[in-house]
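The next block holds one structure in the form of structure tokens; read it before the comments.
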Amino acid sequence: MSEGRSTLLERLKRLTEAYGPSGREEAVRALIEEEVRPLADEVRVDPLGNLIARRAPRGGAGGPSRRVLVAAHMDEIGLITTHIDDDGFVRCEAVGGQDPKVLVGQRVRFENGVVGVIGTEKLEDAKDLKLAKLFIDIGARSGAEARERVRIGDMAVFHRPLEQAGDRLIAKAMDDRSGCAVLIEAMSRLESSPHEIFFVFTVQEEVGLRGARTAAYGVEPDVAVAVDITLAGDTPEPPHRMSVKLGQGPAIKIKDLSVISHRLVRDWMTRTAEAHGIPHQYEVLPIGGTDAGAMQLARSGVPSGVLSIPCRYAHTPAEMVDAGDLENAVRLLVAMLEGPIG
Ligand code: CO
Ligand code: ZN
45 MSEGRSTLLE RLKRLTEAYG PSGREEAVRA LIEEEVRPLA DEVRVDPLGN LIARRAPRGG
105 AGGPSRRVLV AAHMDEIGLI TTHIDDDGFV RCEAVGGQDP KVLVGQRVRF ENGVVGVIGT
165 EKLEDAKDLK LAKLFIDIGA RSGAEARERV RIGDMAVFHR PLEQAGDRLI AKAMDDRSGC
225 AVLIEAMSRL ESSPHEIFFV FTVQEEVGLR GARTAAYGVE PDVAVAVDIT LAGDTPEPPH
285 RMSVKLGQGP AIKIKDLSVI SHRLVRDWMT RTAEAHGIPH QYEVLPIGGT DAGAMQLARS
345 GVPSGVLSIP CRYAHTPAEM VDAGDLENAV RLLVAMLEGP IG
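Using our numbering, read the sequence shown as starting at 45 and increasing by one per residue.
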């Protein structure tokens with residue numbers, strides 16, 4: 045078990061530190077592809093860039109064989125360059141959900157390795173803090189120098205290493221590289237399954253669940269599960285009243301703004317967790333959505349649900365998850381895939 049956990053930690057470090065805003069997932073995909081090739085019967089990349097790793101049914105007890113799609117998104121939130129002024133300061137728009145309050149003072153990194161700091165114009169009132177008031181300082185002495193290093197349309201992401209704090213792990217892009225790591229680990233531990241399983245690493249979740257939409261259409265699954273982070277409501281005066289707590293096990297999503305989890309999937313998760321003594325909790329998320337929202341609407345509809353990883357400080361450079369929750373998410377996913385669906 046401890047061996048599994050350290051592998052998971054190393055993988056999570058590699059994945060979270062990689063560059064991959066929405067639509068620019070190539071580096072993350074290359075890392076994942078290298079790991080899943082030996083674990084899959086077939087690996088392909090679809091036209092939008094989703095990585096699809098298929099496992100043929102092999103053995104497995106009980107219940108009919110189904111086509112199962114398990115998804116985690118590769119992309120992370122970012123910033124996109126819109127203008128560079130003559131003093132060399134870079135202006136940007138958001139790629140995905142960015143909070144200007146979080147951005148001030150952060151370090152960011154572009155795909156070509158250029159690093160910058162986010163500064164702000166003078167504000168009369170804290171309420172005036174908008175993305176339009178912020179700029180990225182890449183250390184250029186002039187507009188010409190800045191334009192040589194960064195072009196319009198280039199994207200930046202948070203620049204931070206993964207760190208451990210007790211049993212908790214802190215990193216940028218834990219949303220959703222932690223889900224990607226859980227999928228890879230589950231693939232490596234999964235022995236027999238009656239199901240044909242498609243592990244899909246999706247693109248462009250943060251800008252509207254785009255990759256999952258085409259992937260689910262192409263795979264045509266009988267049932268779909270997204271593995272993604274959810275908010276934890278266990279900090280002082282949390283912004284959202286949520287019962288989800290770090291360290292209490294993976295959360296079985298009941299609802300968010302994109303999906304009401306299908307009973308079939310919710311019951312499959314609950315029954316499996318109970319049968320294997322895996323800690324779990326229920327989740328109702330008052331904001332946001334996941335790939336399940338798009339997958340459930342593929343073709344004539346796909347029963348879908350979400351296995352959630354509790355996370356504090358989502359969409360910041362310091363997203364925090366509990367190592368035990370990751371381990372239990374892997375255990376639950378493996379047990380689900382090895383058994384009958386319902
Ligand atoms: Co997100
Ligand atoms: Zn996510």
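Idealized CB from N, CA, C, for every residue including glycine.
The C-alpha of R375 lies about 45 Å from the C-alpha of K177.
Counting the other CB atoms within 10 Å of its CB gives E264 a total below 16, which places it among the exposed residues. At a threshold of 7 Å, E249 counts as near ligand 2, since its beta carbon sits closer than that to one of the ligand's heavy atoms. For P347, the closest alpha carbon among the candidates R99, T334, M339 is that of M339. For D335, the CB stays at least 7 Å from every heavy atom of ligand 1. Looking only at V112, A209, L92, P91, the smallest Cα-Cα distance to R98 is reached by V112.
Note on geometry: alpha-carbon atoms of G149 and P283 lie some 22 Å from one another. Counting only runs of 3 or more residues that sit fully inside the region 156-230, the beta strand (DSSP E) segments are 159-164, 178-181, 199-202, 207-209, 212-215, in chain order. In this structure the region 255-264 lies against the region 234-246, because at least three pairs of beta carbons, one per stretch, are closer than 8 Å. Exclusion of D266 from the 7 Å shell around ligand 1 follows from its C-beta lying no nearer than that to any non-hydrogen atom of the ligand. It is roughly 14 Å from the alpha-carbon of E86 to the alpha-carbon of I228. Between the alpha carbons of P205 and T60 lies a distance of about 8 Å. Secondary structure of V269 (DSSP, three-state): strand. At a threshold of 7 Å, I273 counts as near ligand 2, since its beta carbon sits closer than that to one of the ligand's heavy atoms. Rounded to whole angstroms, the separation of the alpha carbons of E189 and A270 is 43 Å. By the neighbour-count criterion, in which a residue is buried when 16 or more other Cβ atoms sit within 10 angstroms of its Cβ, H127 is exposed. Relative to ligand 2, the beta carbon of D300 is positioned no closer than 7 Å to any heavy atom.
Nearest C-alpha to N156 among L173, E192, A225: E192. In its chain, beyond the 5 residues on either side, L173, K177 have a beta carbon closer than 8 Å to the beta carbon of L167.
Ranked by how close their Cα comes to the Cα of I162, the residues F133, K171, I353, G197 have F133 in first place. The beta strand (DSSP E) runs of length 3 or more contained entirely in the region 241-294 are, from start to end of the chain, 267-275. Taking the C-beta atoms as reference points, S352 is found nearer than 8 Å to K297.
Checking the 7 Å criterion, the Cβ of D219 is within range of a heavy atom belonging to ligand 1. Relative to T279, the option among S302, Q248, A358 whose CA is nearest is A358. Assigned with DSSP and collapsed to three states, E120 falls in strand. Shown here for L308: same chain residues with a beta carbon closer than 6 Å to its own, the five before and five after excluded, namely P347, G386 in chain order.
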